[in-house]
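In the numbering used here, the protein residues as written are 624 to 1007.
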């Protein structure tokens, strides 16, 4: 492991310690996928071990609020201001929203792993291995991986082996869920975290080992089942169902919620297959186009990403799928090996409201009036 730290880890650790010591309000705001959920849980449990308390946890509903920080979330959270708002697994592209959060009385800290765009948002502290001046040699962490590194600094010797294993389980699941490279730091998370999962004490994870469909010797099959089930959950009262499952202390409640999410997972897979078939029919007359660019008012936002992943494997070209709402659309981007979808969106960013992610897996929000212009811009970009 490198002796160099990810930029701003110490600064962020001191700020959290100060907030705990002075009993400031702390809000954790995470993306609603398993990586964001894991990042929030690790940091929340770490703060508890420091003797602190998290005032509120918030996950935006992807269907109604989109990805990242948004105005309606800030309006809801305003009652807690002034507070330290820690944004996890999102935020790096939320320039306007970070400014608005500051106006509303929040100090903003961002801990993210997505590609940095043209500049950084005006947060007081940004922790992201992709930012300028970060000398840590490995960059391809999941957000929960970055948070694990943060917690090592934050807790220091207070990080017991039991707590370390507990957090490594979540970092390993997040690394697999976000399909990050399984090398270097991530390889260590996976080796130790997956080994620990066999004896997990977390009720929301233990329940999966009791399922008949799980091979007790195949921890990766177990991990994929957890990921699939957690990703099928919705958001209730601003709390993601995957988060609820992984933080329940009652095994009976965990079992009931896991069964409910298993049924949702089956229906979700069915709907994803239907979306893929619909796109395949549509593109029959457009096979010469360098990209696939399709949308519908009936496609749920949360299913666009998985459907896009399947389509890119079939056609081996950039895929942009979007869920169309009244005024705007929320989209998912997947690209083949060696093709950078974020660079393409930077090139066409004048048509977008927000965008960001990783070179091969990203997302965007766009006003409906700009959809056709965005498509033409992308076609020109990829033809050139």
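Here a beta-carbon is modelled for each residue, glycine too, at the ideal position from N, C-alpha and C. For clarity, every value in this text was computed on a predicted model and none was experimentally measured.
For residue 784, the enclosing alpha helix (DSSP H) covers residues 784-800.
For the beta strand (DSSP E) assignment, the uninterrupted runs of no fewer than 3 residues enclosed by the segment 896-921 are, from N- to C-terminal side, 915-919. Taking a cut-off of 8 Å on C-beta distances, the segment 686-695 does not touch the segment 785-800, as fewer than three cross pairs fall below it. Within the DSSP secondary-structure output, residue 957 pairs in a beta bridge with 942 and 984.
Annotation for residue 880: 827, 864, 867, 868 and 871 place their beta carbon closer than 8 Å to its own, counting only its chain and skipping 5 residues before and after. DSSP, reduced to helix, strand and coil, places residue 964 within a helical segment of the structure shown.
In this structure residue 1007 is exposed. Its beta-carbon is surrounded by fewer than 16 other beta-carbon atoms within 10 angstroms. CA-to-CA, the gap between residue 749 and residue 738 works out to about 13 Å. Annotated as proximal: residue 706 and residue 650, with beta-carbon spacing under 7 Å. For the pair residue 726 and residue 701, the Cα-to-Cα distance works out to about 10 Å. Considered as a whole, the segment 702-772 harbours 706-711, 729-734 and 748-750 as its complete beta strand (DSSP E) runs of no fewer than 3 residues, in chain order.
Cβ-Cβ separation between residue 989 and residue 952: approximately 5 Å, consistent with a contact (criterion under 8 Å). Look at the beta carbons and you see the segment 886-901 touching the segment 928-943: at least three pairs across the two are nearer than 8 Å.
The three-state secondary structure of residue 856, taken from DSSP, is coil. Listed as beta-bridge partners of residue 990 by DSSP are 951.
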